[in-house]
Structure formats: structure tokens, C-alpha cells
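Protein chains in written order, with this note's numbering: chain S, 10 to 405; chain E, 4 to 342.
Quick look at the structure:
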């Protein structure tokens, strides 16, 4: 049957969300089904707005950078790191190599706990409570490692302009503890990988569903592991000098484009992250972790990219004469990865569609913004609180 | 018929089973929790105290064209289950000629069909969120009919009834083929049960069909069907959290939810009791022999708890072949029984 014929037949709509037990984030999904097979889908995700970029406007850059960490509770470190390295580059601040290493350790630990959180969530959606619990159990030592590294389990605030906070520096004892915890983690992660990816029932649920071709991944802008699971071998870490110049690592790629590939790519990335952390710990340069001899001042518009656990993140801003933030912008990977899932879930069973959508590991807290694009006048602006209130009054 | 035994059985058996059934969800949850390296809830919490908790919750009127009927369905289910249970007792074996596997199979089918009625008689608020396409953002416009979670669940129940529970019925009939009768008491008598006088010491004189080749194959088919009828993992697509959340029972709250829980608990123990009667040859009787019967009734819920801890929810892509495989197993059991 031609696709158009199927779409015309799809008159039955099953709405999921905004609030739904399988969708941990606030987005609405409309699935158009033929019997129970999805023939068309629509995902709307701009239902929560925090206005974080607006709050940062005019804020001192140090304060603003700490606020970037609050964009997300899962990938908090990568936000503050990307923002910090953007400002450091713009102001020409030299950063010690030791700080780069510790920032990378933080980012890779974050990738590990984010991916393990994804496994827990994915198995929960599959209805496999035991594997979900085990994923969370394996994740717990990662949180403990972050606690050993930074003193916090979430919002670690490792980077600071010029390096890292002294409390996050790694002494000999901390290094030994982290290496020992890493070895245990690697063992349990490999056991988990071998158990889950060889479980015929699990594989039968995640194979042959959620297909996203390489072309569609490019067309709809799938990012990070979602893009690599569709055969696109690109990872921003290859272009970030802190990674590229210091560590050996492989990019996990799979050609399948299905949910099982998105899971497998993340599992492989976890193993690779452990390797990077081990390299960083074993070759940690012996020097001061922070450079405090710099001055804040005006900064031209700067852009910085990095590879978060979910894919590419983008930050940009400028600083005024007093080192205050002008026009901070942040874009997170869910915005485009989730859109790609509209295409990926077509052809799935209704129950499979939810795991397909979840397989892009959506994180809405860092996605929603209120930027207005006025095509007629060709301009783009952030909606002011007063303007919002005025519009609300007019509607009421 | 001895009227005093009949009256005693009618009064005692449902009460004892009703009380015992409230422990089973707690035992199942505890087993699953231990498999998952968790402590799990206290044994009485999920089945026993949960009932009281719901009884004292504020009552709500569901969004339903017939709310009273919707609320009555679990109560009907409870009565149906205990009626089936009574039909498997020696005291009820002569009542209206209903103590046969055909009658029991028919009544279990009615129990399964209750979920279809539940699904079609309610619509939760979760299914009517944002009831209009957001045109301003370019939403997809179709002449769309909205299908609620409950309706989807009802559709799935229909599919499961159509094909999923075949193994259960074949599993029921394997002992009948071996005994050469569809009467429950004849099946029990075939295994050495004495309907006139049976004491706890006579248990060791039973020759359970479970320990024969056709009996073992039939029992495996029965267990698969048991999971389907219970809508337990991996056959829980009717109420999978991933899409339809609680399925047909989403709108049950307060006392109605307590009744729904009791119906589920009754189904757990009664279907297990039928298994013990058919495959061990030990029907529920008033007396000390009821104790081993109740203990044996734990076997299937324990097996269900272990299986469900290691399986995901299966979609129909997996349910159909699996169900067909288990049906084939049941057919093999019947053929072996004939041979």
C-alpha cells in the first residue's frame, strides 16, 4: 500500500501526553493509527518555558555561567563547560591542561550516568522492571564517582573561568578511589551489556522498530547517538581540542537505524567513556588546576559547540564592557532529535512507538524556549514578560 | 446431596479463598523485588491493606455513559470467580450439572470479556487532553476520531481473548481427555480423589496427572494461558504503562478500585485452584485438606511472579507466535492424552 493511501486511512488518533507515565517530559504526541499501527505522528514539545536565556541577560558572566548548569539536571556539566570554554576563548584566557582533563572526566561521567538513566527509562517503557532496576543500580556508582570528584551528585559546578574549582581537583587518594570505582563499574556494565543485548525477548521488542534512515537522520537533524545509530560517523568530540589532542577513543556507529541500534550505540559509548576517564586519570598533568590571572571585559559574539550525552549543544553570547552577558543563546539536541522521531515511529505498533520516541532520550527541560520568529518582518526576538502579560490580557 | 455439607462449603470456601487471596499480590511483589535486589513492600500491603486504603478514598464518578454498570463490573467478576470456585468443590458437583469443564471455560470467558466492557464504558481525562489540534502551530489536520486509552485496551483484550487464551482452555481439557470425562469430580477421582470421604492423610495416595507426560505438557500450556487471563507480564499489553497506562481500569478509584483489586486477586487464586484440582487431583474441600490445597495454589502465582520479573511487555508481534506455540503445546498435550 502506498504511503499516501495509508495516511489517508489514518483517521484514528491516539493522543499521549502532555502528562503521561511513559513520557517523563512534558510533550504531546498525537499518533494516527490504522488498527494499532502508527501511520502518522505529531510531536509538540513547546509546552514548558523557563526563560533561562532571558534571566541571563545582563547578568555578570560568572553568575550566568553557573545558571547555564541549571538548564538541565542530567547534563548540567556540559552546559557550564561549553559556556565557560566559549568565554575563555573569547577573552583569551589560558586554561591549564590539568583543568581540561578534569573537565573531560566530569563530562564523561555525566555521559555515563545519562546513558544509564536512558537504559533505566527504556527498560521501564519496555515493561522490563528488573533490567530497569539494574540499570539504575549500575548508575548509582557513577553518581558516587561524581560525588567523589566534585562533592555533589548533581550540579557539580566543576568548571570556572580559567580552570576548575579547587574542590574538584584530583589528589592521589581521589585518583585511586576513582580508578577502583571505574574498574567495578566497567565490569558490571559489560555484564549488563552482554545480558541485555543477548536477551531474545528484549531484542525482539527493540529490533525492527523505530527505523530512521541515514537520509532522514540528516533531513530531520537527529543528533548525537541517534545520528550515529543511523550510520553517520560524526561526534563533536573529534573537533573539541580537549578531547582530540589528548585522548584516544572510537566513535560508536551503527548502520541499522533502529531502536536496538540507538541502545547499542549508547552502550558502546559507555565503554568508550570509561576508557577516556581512565586515560585522563592515569595521565593527569601535575600543575595548578586554575589560572586566576585574567581580566573580564567586552567580548565579541562567540559560539561554542560540544558533544553532550544526547548530542550537539550550542552556546553563544557576547559580553558588554562590564563583563555582563548579552544575548545568551543555548540550543540542546532534543529539539531536533525528537522531531526526527516523528518519522521514526511511523510503521510501529502503538506500544513500540513510545519506546521509539523515548529512544532519542528526550530531555525537554533544556529544550523549551520562547523565541518569536516573525517571518513577515524578517526578525527574531525573545518575548518579554510584559509582552506575555499583555498578550494574555488581550486573549482573556 | 447433603445439604449441611453444601451449605458449609458455600459459606466457608469463598471466605477462606477471599481472605487467602489478599496475601498473593504481596507474595508476588516480594518475589519480584528480591529478584531485583530490592527489599520490596510488606507482604500485606499490596493486596490486603491496599483494599482498605482504597475503600476510604474519596469516591469519584467516572466519565462513563453507564457509571453504575462500570462500577458493578469488578463485583460481577468477583462473584463469577467464586462461583467458578464453588463449581470445583465436591459439594457443588451435582448442582444443575454445571460442575463441568465446559461450564467453567464459558464462565472464564465471561470474566475475560468483562475487560472489554470496562474499556468501552469509561474514558479517563488522560485520553481527552488538548482535544483540538493546535492549528496555529501547523498541527496535522485529519478527520480524526479520537480513541481513548480504554478503547485501545478494550481492542487489545478482544485480540487476547480471540487467540491468547487458547492455551488455557487446551490446558484445561488435557486432564478431561485423560479422565475420559468433562466432569470436574471425575477428573479428580481419576487421580485418586475420593469424593465421599477425603482426609489430609489421603493426599499421599493421589496420583497427580502433572507427573505424566501429557499432564506436564498440558500444565505448561495452562500456565501460559494463566498469564494471559491474568494479563500478567509478558501478556500485559492490555494495561501496559508505555501507552494505555492502566487500560480499562484507569477510571476505577476508591471503592471501585478496591473491588477491581479483589477481582484480580480472586482471579489469581481461583485459576490457580482450578489447576490444583485438575492436575494434582485435590479439589477444595472443607477440612484440613484445604490447607495443602491453598499452599499448592501459590505455585502458579509464584511462577507468574518469576516469569514476569524476567520479561518485557510483548506486543502482538510477539504475542501471536508465542500464543500459537503454546496452543500447539496444548494440542500436543491433548494428542498425548488420547494416546
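Ideal placement from N, C-alpha and C gives every residue a C-beta, glycine not left out.
- Under a 10 Å Cβ-count criterion, residue 170(E) is classified as buried, with 16 or more other Cβ atoms of the shown protein chains found around its own Cβ.
- One alpha carbon belongs to residue 274(E), the other to residue 316(S), and they sit about 54 Å apart.
- Counting the other CB atoms within 10 Å of its CB gives residue 59(E) a total below 16, which places it among the exposed residues.
- From the beta-carbon of residue 246(E), the residues of chain S found nearer than 8 Å are 23, 25, 31, 359, 360, 362 and 363.
- Residue pairing of residue 168(S) in beta bridges, as defined by DSSP: 173(S).
- Within chain S, the C-beta atoms nearer than 7 Å to that of residue 39(E) come from 138, 139 and 142, in chain order.
- The beta carbon of residue 32(E) is closer than 6 Å to those of 43, 44 and 49 in its chain, skipping five residues each way along the sequence.
- Burial of residue 321(S) is indicated by the presence of at least 16 other C-beta atoms within 10 angstroms of its C-beta.
- The Cβ neighbour count for residue 228(S), taken over all protein chains shown within 10 Å, is under 16; the residue is labelled exposed.
- For a Cβ distance threshold of 8 Å, residue set 28 and 29 of chain S lies close to residue 129(E), ordered along the chain.
- Counting along the chain, no beta strand (DSSP E) covers residue 16(E); the unbroken alpha helix (DSSP H) around it starts and ends at 6 to 24.
- Distance from the CA of residue 39(E) to the CA of residue 140(S), rounded to the nearest whole angstrom, comes to 8 Å.
- For residue 49(S), there is no enclosing alpha helix (DSSP H); the residue is part of the beta strand (DSSP E) that begins and ends at 46 to 53.
- Here the alpha carbons of residue 264(S) and residue 214(E) stand approximately 50 Å from one another.
- Within 10 angstroms of the beta-carbon of residue 278(E) lie 16 or more other beta-carbons, which makes it buried.
- Proximity to residue 28(E) across 53(E), 11(E) and 18(E) peaks at 53(E), based on C-alpha coordinates.
- Between residue 321(E) and residue 159(S), the gap from beta carbon to beta carbon reaches 7 Å or more.
- Within chain E, the residues whose beta carbon sits less than 9 Å from that of residue 210(S) are 237, 313, 314, 315, 317 and 321, listed in sequence order.
- Chain order gives the chain S residues near residue 243(E) as 136 and 360, where near means a beta carbon separation below 8 Å.
- DSSP places residue 247(E) outside both helix and strand once states are collapsed to three, so it counts as coil.
- From the beta-carbon of residue 150(E), the residues of chain S found nearer than 8 Å are 21, 22, 23 and 42.
- Relative to the Cα of residue 312(S), the nearest Cα in the group 291(S), 335(S) and 292(S) belongs to 335(S).
- In this structure the region 150 to 161 of chain E touches the region 111 to 123 of chain E; the number of beta carbon pairs closer than 8 Å is three or more.
- If you ignore the 5 residues before and after residue 289(S), its C-beta comes within less than 6 Å of the C-beta of 110, 113 and 114, all in its own chain and listed in chain order.
- Contact between the region 200 to 217 of chain E and the region 329 to 341 of chain E is present: 3 or more CB-CB pairs across the two stretches fall below 8 Å.
- Here the alpha carbon of residue 333(E) sits roughly 27 Å from the alpha carbon of residue 136(S).
- Looking at 157(S), 325(S), 86(S) and 206(S), the one whose alpha-carbon comes closest to that of residue 340(S) is 325(S).
- Judged by DSSP secondary structure, residue 61(E) falls outside any beta strand (DSSP E); it is assigned neither H nor E.
- Flagged as an interface residue toward chain E: residue 51(S), by a C-beta distance shorter than 7 Å.
- Using a Cβ distance threshold of 7 Å, residue 121(S) and residue 151(S) count as a contacting pair.
- Using a C-beta cut-off of 8 Å, the region 101 to 108 of chain S makes contact with the region 292 to 303 of chain S, since at least three inter-stretch Cβ pairs fall below that distance.
- With its beta carbon less than 7 Å from one in chain E, residue 213(S) belongs to the interface.
- Straight across, the Cα-Cα distance linking residue 288(E) with residue 81(E) is about 20 Å.
- Here the region 34 to 53 of chain S makes contact with the region 359 to 369 of chain S; the two share three or more CB pairs at distances below 8 Å.
- In the DSSP assignment, residue 321(S) forms a beta bridge with 316(S).
- The beta carbon of residue 102(S) sits closer than 8 Å to those of 96, 170, 171, 300 and 303, all from its chain and outside the five residues before and after it, given in chain order.
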